[in-house]
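Written below as structure tokens is the structure these notes are about.
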Amino acid sequence: MILKPISNKHFHKSHRKGDLLALIIPGNYHKISDVEKNHISWIEPELAKRQDIRPLRIGILNIMPLGKQYEFNLLHPLGLSPLQIEPVWIKLKTHSYKTWDLNHLNNLYVTWEEANNPEPLDGIIITGAPIEHLAFEDVNYWDEFVKIVNEARTSCASTLGLCWAGFALAYLAGVDKQVFDRKLFGVFPLKSLVPGHPLMGTQDDEFICPQSRFAGLPDLEMEKAQKEGKLNLLAYGENVGYTIFESIDQKQLMHLGHPEYTVHRIISEIERDKEKGDVPPPKNFDPNSSKTAWRSHRNLLFQQWLWFCYQQVSLN
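Okay, here's the thing in structure tokens:
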């Protein structure tokens, strides 16, 4: 089925005339006020079902700590799409979710199997998780994660892996992470390596992005993986290494940074790290005079990825 851009006649009554975007979210979703404050149109699922279009269904496997508070970091760039997007929040059956609001988890999130019934998702985003210090096989939900990733490679147009999920996808492609002694934290410059690339071609030649991780991927191993036809390297930073890359079949896009982060998210991590006492302050970021200087990178990355998913789905 061809997915069509939406018209403005079906929008929720709270939206301005002429709005051309829409997320499909429940009317009681806890971030409705933030959605509207950021001028993102939304409609309720029952209304969406009565429309004569099919939305792009994007699964979000959210394994971030305090995941409820993190959700809007992804909803915001998704909501800027000219396509109608239905986010489908996914939970793991083998993860404990110790820092989560379990009522919220059980009311909004579904299993991978439920998310793909009766029709498969069009794309999936997998978030980061603060577990770089663990070997992948020691992560309690690793087997379930691998199962989802493998199935998504055949059923979804594309998988976008952020931070730890990007490391995990690289590991499955044959490149293991290198754990740091201290956290890589701050906002760092990156260079686009492939002009005209369908996902990266809209990015500036140089751009910046937040990083918050305890690991990296060795340059030589990444370059070897590219020579062996395992990965395409898309963006590099002098202090952060190869940060954006993809599988050869373009079914998986990996980003080791956090383009979805807001200033408030970084500041909250600063406060959390102060309590631990073993993390240096972020580089190239002043919490007393903070600006979101990576917004264009975030928006372009998500919009081009959604457009890629749309094209692949429309061809089938």
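Residue numbering for the sequence shown is 0 to 315, as defined by numbering that gives the first Met the number 0.
Each residue gets a CB set at the ideal place from its N, CA and C atoms; glycine is no exception.
Proximity below 8 Å, CB of residue i to CB of residue j
i      : j      : result
Ser216 : Lys176 : It is worth fixing the name first, because residue 216 is Leu in this sequence and not Ser. Yes.
Leu55  : Asp121 : yes
Val178 : Ala214 : yes
Cys208 : Leu192 : no
Lys92  : Glu143 : yes
Trp293 : Phe206 : yes
Leu233 : Met221 : no
Ile247 : Gly228 : yes
Lys90  : His29  : no
Ile269 : Pro280 : yes
Ala224 : Ala172 : yes
Glu131 : Arg212 : yes
Asn283 : Val186 : yes
Asn115 : Ser80  : no
Leu168 : Gln251 : yes
Any C-beta of chain D under 8 Å from that of residue i
i     : result
Leu73 : Absent from the structure is chain D; it holds one protein chain and no more.
DSSP three-state assignment for residue i, whether helix, strand or coil
i      : result
Cys308 : helix
Met199 : coil
Gln303 : helix
Asn238 : coil
Asn231 : strand
Ser313 : helix
Lys226 : helix
Arg297 : helix
His94  : coil
Asp180 : strand
Leu189 : strand
Leu252 : strand
Glu245 : strand
Ser157 : strand
Enclosing alpha helix (DSSP H) for residue i [first to last residue]
i      : result
Thr153 : Trp141 to Ser154
Leu168 : Trp163 to Leu171
Ser267 : Val262 to Lys275
Enclosing beta strand (DSSP E) for residue i [first to last residue]
i      : result
Glu85  : Gln83 to Ile89
Gly215 : Glu205 to Gly215
message: So within the segment 20-81, which uninterrupted alpha helix (DSSP H) runs reach at least 4 residues, ignoring any that extend past its ends?
response: 31-36, 44-48 and 66-77
- prompt: If we count Cβ pairs, one from each stretch, closer than 8 Å, do we get three or more for the segment 127-142 versus the segment 97-106?
  reply: These segments do not touch.
query: Counting Cβ pairs, one atom from each stretch, are 3 or more of them under 8 Å apart for the segment 252-259 and the segment 159-170?
result: Counting Cβ pairs under 8 Å, three or more are found: they touch.
message: When you compare the segment 21-38 with the segment 75-87, are there three or more beta-carbon pairs, one atom per stretch, that lie closer than 8 Å?
response: Touching, yes.
- prompt: Does the pairing of the segment 59-77 with the segment 122-130 give three or more beta-carbon distances under 8 Å?
  reply: yes
- prompt: Which runs of the beta strand (DSSP E) spanning at least 3 residues fall entirely within the segment 95-141, listed in chain order?
  reply: 122-125
Stretch pair the segment 194-201 + the segment 295-305: three plus CB contacts closer than 8 Å: yes
- request: Determine contact between the segment 104-118 and the segment 31-41, defined as no fewer than three beta-carbon pairs at a distance below 8 Å.
  value: no
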